[in-house]
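Numbering (the working numbering), first residue to last: 4 to 78. Reading through the structure tokens given below for one structure.
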């Protein structure tokens with residue numbers, strides 16, 4: 004069960020990293036859209052939103068990889 008959850012975090016992180024920013028903003032009502040709306044220029048808003056999504060995706064991938072690692076090591 005832990006392995007399935009870790010793989011889910013890994014896949015979720017990769018989806019966030021590789022999905023276009025506009026698609027993520029269309030489905031987001033949280034911090035990503037806040038970073039986008041705070042900027043006066045649309046291009047800067049997309050850049051800051053993408054930076055946030057890259058950090059979020061990287062964190063999910065990190066959790067997924069180490070979850071898989073610890074699950075395999077504990078067997």
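The beta carbon of each residue, even a glycine, is placed where N, CA and C say it ideally should be.
query                                                                                                                                        : result
Excluding the 5 residues flanking residue 52 on each side, which residues of the same chain have their C-beta closer than 7 Å to its C-beta? : 24, 28, 35, 38, 39
If distances are taken between C-alpha atoms only, which option among 55, 67, 5, 48 comes closest to residue 79?                             : Residue 79 lies beyond the range of the chain shown here (4 to 78); nothing can be said about it.
Is it buried or exposed for residue 65, if we count other Cβ within 10 angstroms and need 16 for buried?                                     : exposed
Is residue 56 helix, strand or coil when you go by DSSP?                                                                                     : helix
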